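K.L.:
With the working numbering applied, the sequence shown closes on residue 664, and no number is skipped along the way.
From the three backbone atoms N, C-alpha and C, an ideal C-beta is built for every residue, glycine too.
Since the structure is predicted, the reported quantities are computational estimates derived from the model, not experimental observations.
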Amino acid sequence: MLIGKRISGRYQILRVIGGGGMANVYLAEDMILDREVAIKILRFDFASDDDFIRRFRREAQSAASLDHSNIVSIYDVGEEDDIYYIVMEYVEGMTLKEYIHANGPLHPKEAVRIMEQVVAAMEEAHAKQLVHRDIKPHNILIDNMGNIKVTDFGIAMALSSATITHTNSVLGSVHYLSPEQARGGLVTKKSDIYSLGIVLYELISGRMPFEGESAVSVALKHLQSEPPSVRRWNPSVPQSVENIILKAMAKDPFYRYEDASEMQKDLKTAFDPARLKEKRFVIEEDHEATKAIPIIQDHQVDQDNEKTAVHPVQKPKKKEKQKPKKKRKKWPWIVASILFILTAATILAITVFPGLLFPKDVEVTDVSGMTIEKAEDTLKKAGFTVSSEPIEIADEKIEKGLVVKTDPKIGTKVKEGTEIQLYESTGKEKTELPDVTGEKVDQAKEILEKKGFKQVVVEEVNDNDTESGIVMEQNPSANTELVAADEEVTLTVSIGPADITLRDLTTYSKQAASNYLEDNGLKLDEKEAHSDDVPKGEVMKQEPGAGTAVKPGDTVKITFSLGPKEKPAKTVTEKIAIPYEPETEGQEMNVQISIDDAEHSISDSYESFKITAPTERTIKFKIEPGQKGYYQVTVDDKVVSSKTIEYPDDE
14 MLIGKRISGR YQILRVIGGG GMANVYLAED MILDREVAIK ILRFDFASDD DFIRRFRREA
74 QSAASLDHSN IVSIYDVGEE DDIYYIVMEY VEGMTLKEYI HANGPLHPKE AVRIMEQVVA
134 AMEEAHAKQL VHRDIKPHNI LIDNMGNIKV TDFGIAMALS SATITHTNSV LGSVHYLSPE
194 QARGGLVTKK SDIYSLGIVL YELISGRMPF EGESAVSVAL KHLQSEPPSV RRWNPSVPQS
254 VENIILKAMA KDPFYRYEDA SEMQKDLKTA FDPARLKEKR FVIEEDHEAT KAIPIIQDHQ
314 VDQDNEKTAV HPVQKPKKKE KQKPKKKRKK WPWIVASILF ILTAATILAI TVFPGLLFPK
374 DVEVTDVSGM TIEKAEDTLK KAGFTVSSEP IEIADEKIEK GLVVKTDPKI GTKVKEGTEI
434 QLYESTGKEK TELPDVTGEK VDQAKEILEK KGFKQVVVEE VNDNDTESGI VMEQNPSANT
494 ELVAADEEVT LTVSIGPADI TLRDLTTYSK QAASNYLEDN GLKLDEKEAH SDDVPKGEVM
554 KQEPGAGTAV KPGDTVKITF SLGPKEKPAK TVTEKIAIPY EPETEGQEMN VQISIDDAEH
614 SISDSYESFK ITAPTERTIK FKIEPGQKGY YQVTVDDKVV SSKTIEYPDD E
């Protein structure tokens, strides 16, 4: 039992404040510097394991090399009686995981403000070439002022060291593990970037992107699945903020931020007006499929060699000498040719030439509804010629690619051989969808209906930056060519900011309360009052109260404590009776009165005089709040009366 034990004669263990897989964390008192510290002690069952001892010491070395306001400071490290310990800064607050459970999902501005601090810590680590490897809300602390501290560099690794995580010894938490860690690959700064993206996702949505029944199923989702849009859980998230998550959580490290510094730049500008409506971050796909090169087997080589074998060239045989032919007479053939030509000319004159010189009238064939190819073939068979290119026209009834009409018209009589112009349908007439973003919803509907778009669906969403009733997005996008009568147009319309349920701000510091209101777009009306119970600077009361639904732009009245009211010094009047008891009649007796108040000291004489009879004196005491007055009366050096005077509590 370590509670109550003093380590190295200096650190008094007070109580357990946390624990993990290989160590427990205790609150301790530094007896030399008189301050509270956190002390991490390696669990006893690992104290004999050289690997765990080495990893434990590496944490101290890793964190000690970092000096940053957002990283828990290391004060001391040592070993005593097989107790291996690291002494570090004590952060009074909670883990970021606990904060999310209590307050999540957070407003995007508060989430980004927290992430700026977390990423600032990782900038320092990455600048020192150090990879954390276990970024998660459990290892991030938030104090009562909203300040962030990153801790637990227990599995951090210098980039100069081997950074391959073997599959059988994966370190880190599976819900925050990068794909390359899940598959046992090379771990780089970009692995931390992936985990940072998940932390931002959880801050904004109140949930993790990947859940599963087992660690293996979650790891597979890191490798194979895309995270659901964070705007599904929190519609008020600007696209610029979601893009930071998407880029940080890219499966391929090539598309992630190079390091924490590059991610920080996007966080700092996330709410710039120019970025709020930026396009969604999308990784362009490589559409060229990877072709597998077949492995050539030995027997295939033999077959190919057979196919390409070189055959010997055959020598041409010598031509045999031809015997000389006898000469024949040519004139009978000439006479026959002339007779043939005359006969053919007579036939042409009777049959063909009249058709060419005097073509007959024929009716244009009905080819409507045919494909262009079939229509051309039909018309040519009917004795017409066809124009080389069809003319495209829209038609409400005839499908795209089919013939609508001809010129000359179908059914009219024309001369055989006339050229026919075909008209090809492009389908129903398309209309360019107008851009109605930025318009009031009623006006947008009117514009669309005038263009023929009568099927309009309105989806209402909360939006902090867009006035209620204004169209934010439209689907399909503007300027798209569409068949108006067939198309449904969806308009995303703002209904203004979502209601905010006020937290209980009592005990918040002035800075923490102001940050909360600013992050949620609320105005502060502050005043101050004295309180005996609430420390100075903290919230005494708020109006509206905790749990009330308000909208961005509303005013919250907060009363901050001035601490206890200062009380004035008060004057107390006391009547003192001085007895006279002489030894002889008429004897003079010496009286001395001493008082202690805000203006007098008991060591000094307040008044001295002689008496020959009993006497009274009225004395005024000035008493400060929390103080007391006092008087003492001596007669002939003998104390005859004394009294303590209390500060009057009556107002």
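1. If you follow the beta strand (DSSP E) that E291 is in, where does it begin and where does it stop?
2. Out of N533, P577, A511 and P447, point me to the one whose CA is closest to A542's CA.
3. Leaving aside the five residues before and after A457 along the sequence, list all residues of the same chain whose C-beta is less than 7 angstroms from its C-beta, in chain order.
4. My understanding is that V569 touches Y521, with C-beta atoms under 8 angstroms, so please give their C-beta distance in whole angstroms.
5. Exposed or buried, what is D64 when buried is set at 16 or more other beta-carbons lying within 10 Å of its beta-carbon?
6. For S621, which residues does DSSP report across the bridge?
7. Please state the DSSP three-state secondary structure of I177.
8. By the DSSP assignment, the beta strand (DSSP E) with S544 in it spans what residues?
9. Whose C-beta lies closer than 6 angstroms to the C-beta of E129 among residues of the same chain, with five residues either side of it excluded?
10. Just checking my contact of I87 with V131 at CB under 8 angstroms: how many whole Å lie between their CB atoms?
11. Who are the near neighbours of E429 in its chain, counting only those whose CB is closer than 6 angstroms to its CB and skipping five residues on each side?
12. Take the Cβ of N477 as the centre, count every other Cβ of all protein chains shown within 10 Å, and call the residue buried at 16 or more, exposed below.
13. Using the rule of at least 16 other Cβ atoms within 10 Å of the residue's Cβ for burial, across every protein chain shown, is N533 buried or exposed?
14. Using 8 angstroms as the threshold, is the stretch 136-153 in touch with the stretch 95-103, meaning 3 or more CB pairs across them?
15. If we ignore side chains and look at the alpha-carbon of each, how far apart do G639 and Y660 end up?
16. Let me know the alpha helix (DSSP H) ranges lying completely inside the stretch 405-490, each 4 residues or longer, listed in chain order.
17. For a quick check, are the C-beta atoms of K102 and V85 less than 9 angstroms apart?
18. With a threshold of 7 angstroms on Cβ separation, who are the neighbours of E105 within its own chain once the five nearest residues in sequence on each side are excluded?
19. State the CB to CB distance for the pair S621 and V604, rounded to an integer number of angstroms; the pair is presumed to be in contact (CB under 8 angstroms).
20. Mapping DSSP to helix, strand and coil, what is G91?
21. Does the Cβ-Cβ distance between V399 and L446 come in under 9 angstroms?
22. Can you tell me the Cβ-Cβ gap for P8 and P510, rounded? I've got them flagged as a contact below 8 angstroms.
23. Between which two residues does the alpha helix (DSSP H) holding K260 run?
24. Taking the alpha carbon of L119 as the point to measure from, which residue in V163, K633, E215 and G482 has its own alpha carbon closest?
25. List the whole-angstrom C-beta distance separating E193 from P240, where the pair is believed to meet the contact cut-off of C-beta under 8 angstroms.
26. Check whether the Cβ atoms of E539 and K554 sit closer than 9 angstroms, and answer yes or no.
27. Is Q25 helix, strand or coil when you go by DSSP?
28. Can you name the start and end residues of the alpha helix (DSSP H) that K243 belongs to?
29. So, for T493: in the same chain, excluding its five sequence neighbours on each side, which residues have a beta-carbon less than 6 angstroms away from its beta-carbon?
30. Is DSSP giving Y97 helix, strand or coil here?
31. Are there 16 or more other CB atoms within 10 angstroms of the CB of A302, so buried, or fewer, so exposed?
32. Can you tell me which residues form a DSSP beta bridge with R630?
33. Taking all protein chains shown into account, do 16 or more other C-beta atoms lie within 10 angstroms of the C-beta of A559, making it buried, or fewer, making it exposed?
34. Between which two residues does the alpha helix (DSSP H) containing V231 stretch?
35. Would you call the CB atoms of I433 and G414 closer than 9 angstroms?
36. For the alpha helix (DSSP H) that V132 lies in, which residues bound it at each end?
P.N.:
Reading from the atomic positions:
1. Here residue 291 corresponds to residue number 278 of the sequence shown, with the count starting at 1. From DSSP, E291 is part of no beta strand (DSSP E); its letter is neither H nor E.
2. Residue mapping note: residue 542 aligns to position 529 of the sequence shown, counting from 1. Among N533, P577, A511 and P447, the Cα nearest to that of A542 is on P577.
3. Residue 457 sits at position 444 when you count from the first residue of the sequence shown. Taken in chain order, the residues that qualify are V449, V484 and L504.
4. Against the sequence shown, residue 569 aligns to sequence position 556. Against the sequence shown, residue 521 aligns to sequence position 508. Between Y521 and V569 the Cβ distance is about 12 angstroms, and since that is not below 8 angstroms, they are no contact.
5. Against the sequence shown, residue 64 aligns to sequence position 51. With fewer than 16 Cβ atoms within 10 Å of its Cβ, D64 is classed as exposed.
6. The residue labelled residue 621 in the question sits at position 608 within the sequence shown. Its beta-bridge partners are Q605.
7. Your numbering for residue 177 matches position 164 in the sequence shown. Confidence in I177 is poor, its pLDDT being 34 and thus under 50, which makes the residue's placement unreliable; the coordinate value appears in the next sentence. DSSP places I177 in strand when its eight states are reduced to three.
8. Position 531 of the sequence shown, counted from the start, is the residue given in the question as residue 544. Where S544 is concerned, there is no enclosing beta strand (DSSP E), given that its DSSP letter is neither H nor E.
9. Taking the first residue of the sequence shown as 1, we reach residue 129 at position 116. Taken in chain order, the residues that qualify are L280.
10. The count along the sequence shown starts at 1 and reaches residue 87 at position 74. The count along the sequence shown starts at 1 and reaches residue 131 at position 118. So it is not a contact: roughly 19 angstroms between Cβ atoms.
11. For this step, residue 429 is matched to residue 416 along the sequence shown. Excluding residues within five positions, the ones whose Cβ falls inside 6 angstroms are P372, K373, V375 and G396.
12. By 1-based counting over the sequence shown, the position of residue 477 is 464. Classification of N477: buried, given that the 10 Å Cβ count is 16 or more.
13. As a position in the sequence shown, residue 533 is number 520, starting the count at 1. Result: buried.
14. no
15. Here residue 639 refers to the residue found at position 626 when the sequence shown is read from its first residue. Here residue 660 refers to the residue found at position 647 when the sequence shown is read from its first residue. Approximately 7 angstroms, taken between the alpha carbons.
16. 454-463
17. The residue given as residue 102 occupies position 89 in the sequence shown. The residue given as residue 85 occupies position 72 in the sequence shown. Note on residue identity: the sequence assigns Glu, not Lys, to residue 102. Against a cut-off of 9 angstroms, the Cβ pair of V85 and E102 comes out as a contact.
18. Counting from one through the sequence shown, the residue named residue 105 turns up at place 92. Excluding positions up to five away in sequence, the list reads D156 and N157.
19. The residue given as residue 621 occupies position 608 in the sequence shown. The residue given as residue 604 occupies position 591 in the sequence shown. That pair is a contact at about 7 angstroms.
20. What you label residue 91 is simply residue 78 of the sequence shown in a count that begins at 1. Strand.
21. Mapped onto the sequence shown, residue 399 falls at position 386. Mapped onto the sequence shown, residue 446 falls at position 433. No, the Cβ-Cβ distance between V399 and L446 is not below 9 angstroms.
22. In the structure as shown, the chain starts at 14 and stops at 664, and residue 8 therefore has no counterpart that could be examined.
23. Looking up residue 260 in the sequence shown gives position 247. Element bounds for K260: Q252 to A261.
24. Locating residue 119 in the sequence shown gives position 106, counting from the first residue. L119 has its Cα closest to that of E215, out of V163, K633, E215 and G482.
25. Numbered from 1 along the sequence shown, position 180 holds the residue referred to as residue 193. Numbered from 1 along the sequence shown, position 227 holds the residue referred to as residue 240. Actually they do not touch by this definition, with Cβ atoms about 16 angstroms apart.
26. If you number the sequence shown from 1, residue 539 lands on position 526. If you number the sequence shown from 1, residue 554 lands on position 541. Cβ distance not < 9 angstroms, so E539 and K554 don't count as in contact.
27. Indexing the sequence shown from 1 puts residue 25 at position 12. It is a strand residue.
28. The count along the sequence shown starts at 1 and reaches residue 243 at position 230. Note that residue 243 corresponds to Val in the displayed sequence, not to Lys. Neither: V243 is in no alpha helix (DSSP H) and is coded neither H nor E.
29. Within the sequence shown, numbered from 1, the residue matching residue 493 stands at position 480. Hits under 6 angstroms: L446.
30. One-based indexing of the sequence shown puts residue 97 at position 84. Three-state result, Y97: strand.
31. Stepping through the sequence shown from its first residue, residue 302 is reached at position 289. Here A302 scores only 42 on pLDDT, less than 50, and its place in the model should not be relied on; the value that follows carries that caveat. Looking at its Cβ environment, which holds fewer than 16 other Cβ atoms inside 10 Å, A302 is exposed.
32. As a position in the sequence shown, residue 630 is number 617, starting the count at 1. Looking at the DSSP assignment, R630 forms a beta bridge with I589.
33. In the sequence shown, counting from the first residue as 1, residue 559 sits at position 546. When all chains shown are included, A559 counts as exposed.
34. Taking the first residue of the sequence shown as position 1, residue 231 is located at position 218. First-last of the alpha helix (DSSP H) with V231: A228 to Q237.
35. For the purposes of this step, residue 433 is taken as the residue at position 420 of the sequence shown. For the purposes of this step, residue 414 is taken as the residue at position 401 of the sequence shown. Cβ distance not < 9 angstroms, so I433 and G414 don't count as in contact.
36. If you number the sequence shown from 1, residue 132 lands on position 119. From DSSP, the alpha helix (DSSP H) with V132 extends over P121 to A140.
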